[in-house]
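In our numbering, the protein residues as written are 21 to 204. All C-beta atoms in this analysis are idealised placements derived from N, C-alpha and C, irrespective of residue type, glycine included. For reference, the structure is listed below as structure tokens.
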Amino acid sequence: MPDLSFLPLAEFLVARGLVKNVVFHGKSFPWYVSDVTPDDYKWVLQTLAQDSDPTIATLGKRWLERPEFSFRHEEFWTMPNCFWDMKEEARSLFDELKSSALTIFKGDLNYRKVIGDRDWPLKTDYKFALQSLSEVPLFTLRTMKADTVCGLSDENVKMLKAKYGDDNSWMYSSDWAVAQLNLP
Numbered sequence: 021m022p023d024l025s026f027l028p029l030a031e032f033l034v035a036r037g038l039v040k041n042v043v044f045h046g047k048s049f050p051w052y053v054s055d056v057t058p059d060d061y062k063w064v065l066q067t068l069a070q071d072s073d074p075t076i077a078t079l080g081k082r083w084l085e086r087p088e089f090s091f092r093h094e095e096f097w098t099m100p101n102c103f104w105d106m107k108e109e110a111r112s113l114f115d116e117l118k119s120s121a122l123t124i125f126k127g128d129l130n131y132r133k134v135i136g137d138r139d140w141p142l143k144t145d146y147k148f149a150l151q152s153l154s155e156v157p158l159f160t161l162r163t164m165k166a167d168t169v170c171g172l173s174d175e176n177v178k179m180l181k182a183k184y185g186d187d188n189s190w191m192y193s194s195d196w197a198v199a200q201l202n203l204p
């Protein structure tokens, strides 16, 4: 099933007047089963709108009709590039994200592409690891499933070293997660 778990958050942000619109960025074609294509987005909303639970059906209908919600897909999201390359390879997309109030990236692969999938020292400054993306207001959410991370505090690094020593399996065990914010 396509992952549209941000729909309730988007509803909250728009309903409370915290944002004027929400743009969902999806894929032209899915890399993983949870990736969302334009057809997936429409199908999920239509399915919710027809749900037997009246609350879910009401939300589905509202989301289908909300002019504040839009879905876009760009070829860049399915390219092998790290997201640093966006400024050069997909300038209009980069400029759109740069001018937005906040861009939220969710998931391990997106996180890795945001920081270049490098073997950063754990305490490397998150803004530094973002490279050109440091110009974009963004928030990353990730359950750790690969051996790259940056921006950890001294306290967290000490705790991880005390608990795991030199064993880095915690980095890809899915037992840990990171949430990191960049505001230029």
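- Listed in chain order, the alpha helix (DSSP H) elements of length 4 or more contained wholly in the segment 91–155 are 106–109, 111–119, 128–134 and 146–150.
- Per DSSP, the unbroken beta strand (DSSP E) holding residue 200 starts and ends at 197–202.
- For the 8 Å CB-CB criterion, residue 204 and residue 154 form a contact.
- Taking the C-beta atoms as reference points, residue 109 is found nearer than 8 Å to residue 101.
- In chain order, 159 place their CB closer than 6 Å to the CB of residue 124, counting only its own chain and leaving out the 5 sequence neighbours on each side.
- One alpha carbon belongs to residue 191, the other to residue 105, and they sit about 25 Å apart.
- The C-beta distance from residue 93 to residue 48 rounds to 5 Å, short enough to meet the 8 Å contact threshold.
- Take residue 103, set aside five residues on each side of it, and the residues of its chain with a beta-carbon closer than 7 Å to its own are 133, 134 and 153, in chain order.
- Sorting 38, 200 and 83 by C-alpha distance to the C-alpha of residue 150 places 200 at the top.
- Residues 83 of the same chain have their beta carbon placed closer than 7 Å to that of residue 27, with the five preceding and five following residues left out of the count.
- Residue 174 and residue 99 have their C-alpha atoms some 35 Å from each other.
- Counting only the Cα atoms, residue 194 lies some 5 Å from residue 164.
- In this structure, DSSP gives residue 53 a state outside helix and strand, which the three-state scheme calls coil.
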